[in-house]
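Enquirer: Numbering (the numbering used here), first residue to last: 1111 to 1406.
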């Protein structure tokens, strides 16, 4: 039986890794809750979504203060992702929540997202090198970034909305993807934007999306508030400490270890999804000899 100390330590571990590597908490916390603590998948995902929203909220303030957010990107992403999150939650509650395949679907989607996340972490340097071939010289004046974002193009807006829809569906199902895949997609669509502006915009959108998705799961009773509280107690100080000492840690080695671990967890979840226990058949009532005599 696990208690507050174990949950706090899990929060410390995840927070420390997030502070050092920048890897999203969702890709780490959810598999830990399911694999180590044996938390039901829907409870782990719902709790982790609110955990991510709260933990990312502080980071969004920093980006806002440093003017690292391009609000049109955030708005158009949200136009796609927020309705998609509501729709996904509605489908889950009305069509899958009572199904024996409910947990299997959630864990298989989680495994798929973890596998992709692990690959993106391990090969991040190669991916960034590939994308950098298409990135032009960044302007030194950050105030000119908006001139490089053409929102008058209907095609560009449509692509951002479609990307938001995809994120809304997968994040609501798995709690994974708001960070890593959002950044990769934004790099593809806006190759000339400085990376810090892409990260800032993605973090703010991730706060909105995980909050909405988390509230949806909360309305269905899929959030353990005691667990959420203990995780935050451990992770918030650890995120700060990890960020402060990140320059002294072997970040590349830690990233590769995390990437391989997430990849293996993802493959395991896809091959061995959590299944609902079959309903137990009703046991026939045992009638004693005394009851038989009384009936006669």
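Virtual Cβ for every residue (Gly too), placed ideally from N, Cα, C.
Just to check my reading of the structure: residue 1170 and residue 1317 have Cβ atoms closer than 8 Å, yes? What is that Cβ distance to the nearest angstrom?
Expert: With 8 Å as the limit, residue 1170 and residue 1317 qualify as a contact, their Cβ atoms being about 5 Å apart.
Enquirer: Go through the stretch 1120 to 1182 residue by residue and report every complete run of the alpha helix (DSSP H) that reaches 4 residues or more, in order.
Expert: With a minimum length of 4 residues, the continuous alpha helix (DSSP H) runs that stay inside the stretch 1120 to 1182 are 1135 to 1145 and 1151 to 1175.
Enquirer: Quick one: measure Cβ to Cβ for residue 1224 and residue 1324, integer angstroms, because I've assumed they're closer than 8 Å.
Expert: The Cβ separation is near 19 Å, so there is no contact.
Enquirer: Output the boundary residues of the alpha helix (DSSP H) element that contains residue 1230.
Expert: Per DSSP, residue 1230 belongs to the alpha helix (DSSP H) from 1212 to 1232.
Enquirer: Could you please give the first and the last residue of the uninterrupted alpha helix (DSSP H) stretch that includes residue 1111?
Expert: Here residue 1111 belongs to no alpha helix (DSSP H), and DSSP marks it neither H nor E.
Enquirer: Label residue 1340 either buried or exposed according to how many other C-beta atoms from any shown protein chain fall within 10 Å of its C-beta, with 16 as the threshold for buried.
Expert: Buried.
Enquirer: According to DSSP, is residue 1331 part of a helix, a strand, or is it coil?
Expert: Note: residue 1331 maps to coil in three-state DSSP.
Enquirer: DSSP three-state label for residue 1209, please.
Expert: Coil.
Enquirer: Can you tell me where the alpha helix (DSSP H) holding residue 1280 begins and where it ends?
Expert: Unbroken alpha helix (DSSP H) run through residue 1280: 1264 to 1284.
Enquirer: Contact between the stretch 1192 to 1199 and the stretch 1325 to 1332: three or more CB pairs below 8 Å?
Expert: Enough Cβ pairs lie closer than 8 Å, so yes.
Enquirer: Comparing C-alpha positions only, which one of 1179, 1315 and 1307 sits nearest to residue 1077?
Expert: Missing from the structure shown is residue 1077; the chain here goes from 1111 to 1406 and no further.
Enquirer: Might you give, ordered along the chain, the residues of its own chain that have their beta carbon closer than 6 Å to the beta carbon of residue 1179, omitting 5 neighbours on each side?
Expert: For residue 1179, where only same-chain residues beyond five positions count, the Cβ hits under 6 Å are 1173, 1310, 1311 and 1314.
Enquirer: When the Cα of residue 1194 is compared with those of 1288, 1374, 1276 and 1296, which residue comes out closest?
Expert: Taking only the C-alpha atoms, the option nearest residue 1194 is 1276.
Enquirer: Taking the CB atoms as reference points, tell me whether residue 1189 and residue 1274 lie closer together than 8 Å.
Expert: Result yes, Cβ atoms of residue 1189 and residue 1274 sit closer than 8 Å.
Enquirer: Short of 7 Å in beta carbon distance, which residues of its chain neighbour residue 1368, apart from the five on each side in sequence? Order them along the chain.
Expert: Cβ neighbours of residue 1368 beyond the five flanking positions: 1127, 1131, 1133 and 1231.
Enquirer: Less than 8 Å between the beta carbons of residue 1135 and residue 1376, yes or no?
Expert: No, the pair does not count as a contact, with Cβ atoms beyond the cut-off.
Enquirer: Quick one: residues in its chain with C-beta nearer than 8 Å to the C-beta of residue 1229, no 5 flanking neighbours on either side, listed in chain order?
Expert: Hits under 8 Å: 1369 and 1373.
Enquirer: Tell me, to the nearest whole angstrom, how far the beta carbon of residue 1320 is from that of residue 1163; I am working on the premise that it is less than 8 Å.
Expert: So it is a contact: roughly 4 Å between Cβ atoms.
Enquirer: For residue 1089, I'd like the list of residues in its chain whose CB is within less than 7 Å of its CB, leaving aside the five on either flank, ordered along the chain.
Expert: The question about residue 1089 has no answer here: the residues shown for the chain are numbered 1111 through 1406.
Enquirer: Between the alpha carbons of residue 1139 and residue 1226, how many angstroms are there, rounded?
Expert: Using only the alpha carbons, I get a separation of about 16 Å.
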